[in-house]
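In terms of numbering that gives the first Met the number 0, the sequence shown opens at residue 0 and continues consecutively.
Even for Gly, the Cβ is constructed at its ideal location relative to N, Cα and C.
These figures come from a predicted structure and were not determined experimentally.
Please read the structure below before turning to the comments.
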Amino acid sequence: MAKLLETIDLVTNFHTYEGIVNALNKVSLFADHGVTFGLVGESGCGKSVFVRSVMRIVQEPGMIEGGKVILFPDKKETKTAVNLLDQSEAYMESLRGDLISMIFQEPNAALNPIMSIGEQVAESFLFHRKQEMCRKIAEELDSSECRTIPLLRHFQKSVYQIAEKNPDAFVLKLLSRIPVLKRWEKRLIQEAMDRSAEIIGKLGIPNPEDILRSYPHNLSGGMKQRIVIAIALACSPILLIADEATSNLDVTIQAQILEMLRQLKHTEISSILFITHDLGVVAEICDRVGVMYAGNLCEVADVRDIFRSPRHPYTYALLSSVPRLFQEGELQSIEGSVPNLISPPSGCRFHPRCPRAGDICREKLPELEEVGNNHYVACWKI
Ligand SMILES: Nc1ncnc2c1ncn2[C@@H]1O[C@H](COP(=O)(O)OP(=O)(O)O)[C@@H](O)[C@H]1O
Ligand SMILES: [Mg+2]
Numbered sequence: 000m001a002k003l004l005e006t007i008d009l010v011t012n013f014h015t016y017e018g019i020v021n022a023l024n025k026v027s028l029f030a031d032h033g034v035t036f037g038l039v040g041e042s043g044c045g046k047s048v049f050v051r052s053v054m055r056i057v058q059e060p061g062m063i064e065g066g067k068v069i070l071f072p073d074k075k076e077t078k079t080a081v082n083l084l085d086q087s088e089a090y091m092e093s094l095r096g097d098l099i100s101m102i103f104q105e106p107n108a109a110l111n112p113i114m115s116i117g118e119q120v121a122e123s124f125l126f127h128r129k130q131e132m133c134r135k136i137a138e139e140l141d142s143s144e145c146r147t148i149p150l151l152r153h154f155q156k157s158v159y160q161i162a163e164k165n166p167d168a169f170v171l172k173l174l175s176r177i178p179v180l181k182r183w184e185k186r187l188i189q190e191a192m193d194r195s196a197e198i199i200g201k202l203g204i205p206n207p208e209d210i211l212r213s214y215p216h217n218l219s220g221g222m223k224q225r226i227v228i229a230i231a232l233a234c235s236p237i238l239l240i241a242d243e244a245t246s247n248l249d250v251t252i253q254a255q256i257l258e259m260l261r262q263l264k265h266t267e268i269s270s271i272l273f274i275t276h277d278l279g280v281v282a283e284i285c286d287r288v289g290v291m292y293a294g295n296l297c298e299v300a301d302v303r304d305i306f307r308s309p310r311h312p313y314t315y316a317l318l319s320s321v322p323r324l325f326q327e328g329e330l331q332s333i334e335g336s337v338p339n340l341i342s343p344p345s346g347c348r349f350h351p352r353c354p355r356a357g358d359i360c361r362e363k364l365p366e367l368e369e370v371g372n373n374h375y376v377a378c379w380k381i
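Structural data, given as structure tokens:
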């Protein structure tokens, strides 16, 4: 397996009037290429702050104050690895939505209410895949109607070449005002629309052409979330980050979207970082799982091992709070709540709620250690 993303001792704090909220307390985690990695934990454990830190979009008054976020874009060549925290804002802007796409809980926030669905999905293709589309159109040229007018064909072809190398060239914008080249622009837009219909079809939406003509307010929540996923996939990211992306949907729609992501996993997306507070969702879709508690990562293992042999008392408690079909006795809920991260508990942050806690747990923060089978646990009492 080749690493895709690794964080080392990542620290993010929010400087509020009440004090410093230590939302990430040295989080070290890695995810491999080709894997669906689930990050779970109760609300307020730092899952969203983690992904926002990775993408460097932490909201004010938050600041990333330590550690590294290393991206390995090429699975064969580890030398191309970059520490995202050292990169310029311009680099991050090109990374977001290009190599890495993110989808959130609320599709309305990601969609523009006054643009048609077609325009929005096509825009994503035009923005991220323009060069590839220009190349395709240039190749088609030879068999086009311009064959009969060689001069025009040469002229058009050189415009395509400029477009391919530098899609946002000023020259190109000027040239595209020439009437005969308007046709070229039309063709590019048509190509983007065709690809939009294709990806929408792949997301299991019937009559993609009709959907392209509709507006966000015409669609249901589940449908809108699929469109957001289509927009995210249009840029063929190496990593799709989904932060509670299905949490607002009803269970049947959620199940359909998970199934769809699972299918796309083999064709359109290579790796997914799936953030959820729902262990049922994790069981459905994830290969590997990280469990977070109060800004710390407490356990990382393959999904099977998390469910069959959880080792951290917090993971154990989370699992006991999930209803099961043949459950005997009462459903356990975890006593207490996630602590305030302005003055978190000393030592292991879970100790006040932990049935196994002893003196050392109150004094020292345990680090993640391998307990075999690529299974890591941060606990003094295992
Ligand atoms: N803008 C903010 N200002 C202050 N504290 C924040 C802010 N955003 C998040 N936090 C704190 O960071 C911690 C982690 O939050 P979050 O990552 O949103 O949790 P999760 O996504 O796991 O539900 C929480 O204690 C939360 O109060
Ligand atoms: Mg969250």
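Which residue wins for smallest C-alpha separation from residue i, given the options the options?
i, options, result
"LYS67", "GLY61, GLU76, ASP73, ALA80", "ALA80"
"GLU258", "SER308, ASN217, LYS201", "LYS201"
"ASN82", "ALA196, ILE7, CYS353", "ILE7"
"ASN295", "HIS32, GLU41, ALA1", "GLU41"
"SER319", "ALA121, ILE333, ILE359, ARG310", "ILE333"
"ASN24", "LEU84, GLY357, SER342", "SER342"
"GLN160", "LYS181, ILE177, LYS135", "LYS135"
"LEU187", "PRO338, PHE126, PRO309", "PHE126"
"ASP73", "PRO60, ASN372, LEU98, SER219", "LEU98"
"PHE29", "SER336, ILE69, ASP304", "ILE69"
"GLU298", "SER195, TYR375, ILE252, SER115", "TYR375"
"GLU17", "GLU92, LYS78, PRO60", "PRO60"
"SER52", "LYS363, ILE381, ASN12", "ASN12"
"GLY45", "ALA89, ASP242, SER213", "ASP242"
"VAL50", "PRO309, LYS2, ASN206, GLY289", "GLY289"
"SER195", "TYR90, CYS234, SER219", "CYS234"
"LYS363", "ASN206, PRO344, SER100, ARG55", "PRO344"
"PHE124", "THR275, VAL337, ILE199, ILE274", "ILE199"
"ALA191", "ILE204, ARG128, THR77, SER27", "ARG128"
Work out the CA separation of residue j and residue i for me, nearest whole Å.
i, j, result
"ARG225", "ALA137", "31 Å"
"ALA300", "VAL57", "27 Å"
"GLY65", "GLU369", "24 Å"
"VAL39", "ASP193", "37 Å"
"GLY37", "LEU272", "6 Å"
"LEU9", "SER157", "48 Å"
"ALA254", "ILE359", "43 Å"
"PHE154", "LYS181", "13 Å"
"GLY33", "THR251", "26 Å"
"SER115", "ARG212", "6 Å"
"GLY221", "VAL302", "26 Å"
"PRO5", "ILE177", "In the sequence as displayed, the identity of residue 5 is Glu instead of Pro. Looking at the two C-alpha atoms, the distance is approximately 49 Å."
"PHE71", "GLU139", "35 Å"
"LEU218", "TRP379", "51 Å"
"VAL26", "ILE284", "23 Å"
"SER47", "ASP286", "20 Å"
"ARG361", "LEU317", "21 Å"
Applying the 10 Å Cβ sphere with the 16-neighbour rule, what's the burial state of residue i?
i, result
"ASN21", "buried"
"ARG261", "exposed"
"LEU173", "exposed"
"GLN119", "buried"
"ASN372", "exposed"
"MET0", "exposed"
"GLU407", "Because residue 407 is not part of the residues shown, which for the chain are 0 to 381, the question remains open."
"GLU208", "exposed"
"ILE113", "exposed"
"PRO205", "exposed"
"TYR90", "exposed"
"SER270", "buried"
Cβ-heavy atom distance between residue i and ligand 2 below 6 Å?
i, result
"SER47", "yes"
Please tell me whether, using a cut-off of 6 Å, the distance from the CB of residue i to the nearest non-hydrogen atom of ligand 1 is below it.
i, result
"GLU11", "As written in the sequence, residue 11 is Thr, which differs from the Glu given in the question. It does not: the Cβ of THR11 is nowhere closer than 6 Å to a heavy atom of ligand 1."
"THR15", "yes"
"CYS347", "no"
"GLN86", "no"
"VAL20", "yes"
"SER42", "yes"
"LEU278", "no"
"GLN58", "yes"
"LEU340", "yes"
Less than 6 Å between C-beta atoms, sequence neighbours within five positions excluded: which residues of the same chain meet that for residue i?
i, result
"PHE349", "TYR292, TYR313"
"ILE268", "LEU239"
"GLY335", "ARG352"
"ILE256", "THR245"
Taking 8 Å as the limit between beta carbons, can you name the residues of its chain near residue i, skipping five residues before and five after?
i, result
"LYS223", "PRO106, ASN107, LEU110, PRO215"
"GLY279", "VAL321"
"ASP85", "none"
Leaving out five residues on either side along the sequence, give the residues of the same chain with a beta carbon under 7 Å from the beta carbon of residue i.
i, result
"ILE228", "ILE102, LEU202"
"GLU366", "ALA377"
"THR15", "PRO60"
Using a threshold of 6 Å, is the CB atom of residue i nearer than that to any non-hydrogen atom of ligand 3?
i, result
"THR314", "Among the ligands modelled here, namely ligand 1 and ligand 2, ligand 3 does not occur."
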